[in-house]
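Here is the structure we will look at.
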Amino acid sequence: MTELYQYRPLPDGKYIRLLHLEPGTKKDAGRCQLTTVKLDDTPPFEALSYHWGSTQLSHSISVNGEGALNLTSNLVSALIRVRHETEVRVLCRASQVLIYLGAATDDLAVAVALIMKMFNLALEENRKGGTERLVESRYPSAKDNEEWGLPPFDSPDWECLLRFFAHEWFERVWIVQEVRVSSSALALIGDYEISWLIIYIASSWFATKNYKYLPSGTGIYAGHIGIVGWPNRIGCHRLNASSSFRVPLNQIIRKMRPSKATDPRDKIFGFLGLAAEAEGSEDPRLRPDYSKSLEQTYRDASRFLIETERSLQILSAVCWVPDPRSPIVWTKTSIETEYGTETTSKLEWGPPDESVIFPSWVPRWDCPNIAYPLVGRSDHENFFHASGDIPLGLIVSGDENTLIVRGMEIDIVLQQSDVLASELIGYELHQTALDRAWLEMGSKAAIYPENNRLDIFHLTLTAGLMLNQKEAEGDAGYQENVSAFRKKMPKYIEEEGQSHIEEAEPPELSGNRLEGNDSYERGEAPTQIPGVDITIDMRGDPDVYLRLVEENCDHRRYFVTEKGYMGLGPQGMLPGDIVCVLFGGDTPYVLREKQGCWQFVGECYVHGIMKEEAVRNLKDGVDDEGVVFEIR
1365 MTELYQYRPL
1375 PDGKYIRLLH
1385 LEPGTKKDAG
1395 RCQLTTVKLD
1405 DTPPFEALSY
1415 HWGSTQLSHS
1425 ISVNGEGALN
1435 LTSNLVSALI
1445 RVRHETEVRV
1455 LCRASQVLIY
1465 LGAATDDLAV
1475 AVALIMKMFN
1485 LALEENRKGG
1495 TERLVESRYP
1505 SAKDNEEWGL
1515 PPFDSPDWEC
1525 LLRFFAHEWF
1535 ERVWIVQEVR
1545 VSSSALALIG
1555 DYEISWLIIY
1565 IASSWFATKN
1575 YKYLPSGTGI
1585 YAGHIGIVGW
1595 PNRIGCHRLN
1605 ASSSFRVPLN
1615 QIIRKMRPSK
1625 ATDPRDKIFG
1635 FLGLAAEAEG
1645 SEDPRLRPDY
1655 SKSLEQTYRD
1665 ASRFLIETER
1675 SLQILSAVCW
1685 VPDPRSPIVW
1695 TKTSIETEYG
1705 TETTSKLEWG
1715 PPDESVIFPS
1725 WVPRWDCPNI
1735 AYPLVGRSDH
1745 ENFFHASGDI
1755 PLGLIVSGDE
1765 NTLIVRGMEI
1775 DIVLQQSDVL
1785 ASELIGYELH
1795 QTALDRAWLE
1805 MGSKAAIYPE
1815 NNRLDIFHLT
1825 LTAGLMLNQK
1835 EAEGDAGYQE
1845 NVSAFRKKMP
1855 KYIEEEGQSH
1865 IEEAEPPELS
1875 GNRLEGNDSY
1885 ERGEAPTQIP
1895 GVDITIDMRG
1905 DPDVYLRLVE
1915 ENCDHRRYFV
1925 TEKGYMGLGP
1935 QGMLPGDIVC
1945 VLFGGDTPYV
1955 LREKQGCWQF
1965 VGECYVHGIM
1975 KEEAVRNLKD
1985 GVDDEGVVFE
1995 IR
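Just add 1364 to wherever you are in the sequence shown, counting from 1, and you've got this note's numbering.
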């Protein structure tokens, strides 16, 4: 049995190890040399970015002729792929990063062709003056696809593209730093070598076109199409020596929240090297410290962001969990398909650890967002300002697990719906979640004029948002979509008398289409809905509104308060919880009194108090400085 290689300690100072990959065949890992060099004197070298895959150490490589290192099968495959047959290759941290995406598949050529097509479309748009976003309130039409030279929505070519971006490498935490810090990155998959810049630009172009909002009935499976945007989340390498790879910490951990890490603390530590706040900072909270527990790591990062940003926006990242003390367990399932073995991961919760104290106001970054946050989803300007410009009312606490802030109680939750799920929202007869919510609680929203309640109900279901987090109220295109949605659903026809949404004029048939309204452009007749004895003038697009409802309602509850407000709240809310505005927060929040303190339940949307309406008396000096909330 080959003796295992023993690492020698690095000298004091800035030293690294370089791996010299010796020439060899494509059959086994072969041999390598490990050398120690001073970081300031490093020769040109390359880095290898790969994902672990199976953690079983099933292969080995000879090191310096002194022993062997055991390796995973995916690392061995990567080393074989990058090794030269006649010359030594040097690998470590480097200015050039080699991204290993595995062996070729039968449909790889189709995926690469689509990536190149989108890349060239982006270049062409840039030559014409910059990448053009679609109208904010629609998704791509079949005509768009045809004009862009892309395959029809029902083409299997899109499945090939999805399989390319479904590679596990895209989901890992550490690859973000590996790519962004480098000055060049090259993706290797089979015999293909593709510049990361091409993949990034293609992905970014795709993200500007709202493909992820395609209805689920479209040929592209809308539930998975968002993975094509992973490279856009990850970011690009430095295009020149003077460009910065740094980004605000809140932004990078928000964008990469769906990413995965073997050690959940790396959902913070893996991004500290990129954080703009970390440059030149001596704050110990911005240094990886693996002596900290998970809850300490997340708590310190959250408190740091609250203190430095002077904002409570980080609270919008708190999502519902069955018990904050429970660890996450990812279970993998492998399925054999015509394209080979496909692996899926499922999130499960382990038993709670009674020794853990996990504050309710600290986000569980290791848990992917179950509900989309109302603020901070994108780089668009946020128009929610529930606390206005009243500054953060943070009070120093002797207990790091306690967040003490000022704010004001607005109301008490009276009634709530069941947890809303996308599969319960739609046009089918069994998808009655919205109807039940309206019938059971619509009349209790007494604070709003009776003849406007249905309109406000529909605004509430989308949290007042359009695509890309734009404001919906008053937008003609949004109103057309809501009207079309009502008319497509027989259940709402009888309610039209209560609606005061204005019927917009037919859109001008100019170069800028509205709402993906292809029927008007083609001069088609109004639509007849099967089973409904009424001709529908389908001026808007009901599916656009439906997708907004699915996105904003999923894993939330519709609720009404004792004063008659209506809102969308967190999955874990209960009748008797309070709705409050905390100074420095963009949205209202739901809190629960518990043992003399408050438990943070989550952010919420409440129609009529999202733009400082509730705090105007404070701003005008009519009221006091608010009340103190001690949140644990």
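No residue lacks a Cβ here, since even glycine has one placed at the ideal position from N, Cα and C.
Going by beta carbons, W1729 and I1617 fall inside the 8 Å limit.
Annotation: W1725 is outside any alpha helix (DSSP H) and is labelled neither H nor E by DSSP. A straight line joining the alpha-carbon of D1404 with that of Y1736 spans about 44 Å. The C-beta of R1800 has fewer than 16 other C-beta atoms within 10 Å across all chains shown, which makes the residue exposed.
No residue range can be given for P1813, since it is assigned to no alpha helix (DSSP H) and is classified by DSSP as neither H nor E. Following the DSSP letters along the chain, one finds A1393 in no beta strand (DSSP E), marked with neither H nor E. CA-to-CA, the gap between D1687 and P1716 works out to about 7 Å.
The C-beta of K1402 has fewer than 16 other C-beta atoms within 10 Å across all chains shown, which makes the residue exposed. For A1827, the number of other beta carbons within 10 angstroms of its own is at least 16, and it is reported as buried.
For H1919, the CB contacts under 6 Å within the same chain, skipping 5 residues up- and downstream, are I1734, A1735 and Q1935 in chain order. In the structure shown, R1980 falls within a helical segment according to DSSP collapsed to helix, strand and coil. In the three-state scheme derived from DSSP, where H, G and I count as helix and E and B as strand, Y1575 is classed as helix. Rounded to the nearest whole angstrom, the CA to CA distance from Q1780 to Y1922 is 6 Å. Closest option to T1436, judged by alpha-carbon separation, among L1910, R1453, H1415 and A1530: H1415. Listed in chain order, the alpha helix (DSSP H) runs fully inside the stretch 1894 to 1960 are 1906 to 1917, counting runs of at least 4 residues.
Counting along the chain, no alpha helix (DSSP H) covers Y1379; the unbroken beta strand (DSSP E) around it starts and ends at Y1379 to L1385. In this structure G1966 is in contact with W1684, their Cβ atoms being roughly 7 Å apart against a cut-off of 8 Å. Residue environment analysis places A1473 among the exposed positions, since fewer than 16 neighbouring C-beta atoms fall within 10 angstroms of its C-beta. When the Cα atoms are used, V1440 and G1972 turn out to be separated by approximately 59 Å. Of the residues assessed, E1989 falls on the exposed side of the cut-off, its CB having fewer than 16 other CB atoms within 10 angstroms.
The continuous beta strand (DSSP E) containing Q1780 extends over residues L1767 to Q1780.
One alpha carbon belongs to Q1460, the other to R1453, and they sit about 13 Å apart. Per the coordinates, the alpha-carbon of P1628 lies some 13 Å from the alpha-carbon of M1620. Counting only the Cα atoms, N1509 lies some 11 Å from K1573. Here I1995 is near T1766, since their CB atoms are less than 8 Å apart. Shown here for T1951: same chain residues with a beta carbon closer than 8 Å to its own, the five before and five after excluded, namely S1680, L1738, V1739, F1748, A1750, E1967, C1968, Y1969 and M1974 in chain order. For W1538, the secondary structure class from DSSP, reduced to helix, strand or coil, is coil. Measuring C-alpha to C-alpha distances from G1806 to each of L1823, P1755 and E1792 identifies L1823 as the nearest. Within the DSSP bridge table, the entry for V1970 names G1931 as partners. By the beta-carbon neighbour count (other beta carbons within 10 angstroms, threshold 16), Y1556 is exposed. Per DSSP, reduced to three states, the secondary structure at Y1842 is helical.
Looking from the CA of M1830, the closest CA among W1802, A1810 and L1910 belongs to L1910. If you draw a straight line from the Cα of L1982 to the Cα of W1694, it comes to about 47 Å.
Beta-carbon to beta-carbon, Y1791 and M1853 are separated by about 6 Å, close enough to satisfy the 8 Å threshold. The bridge partners DSSP lists for H1423 are L1435.
Straight-line measurement puts the Cα of A1506 at about 7 Å from the Cα of F1517.
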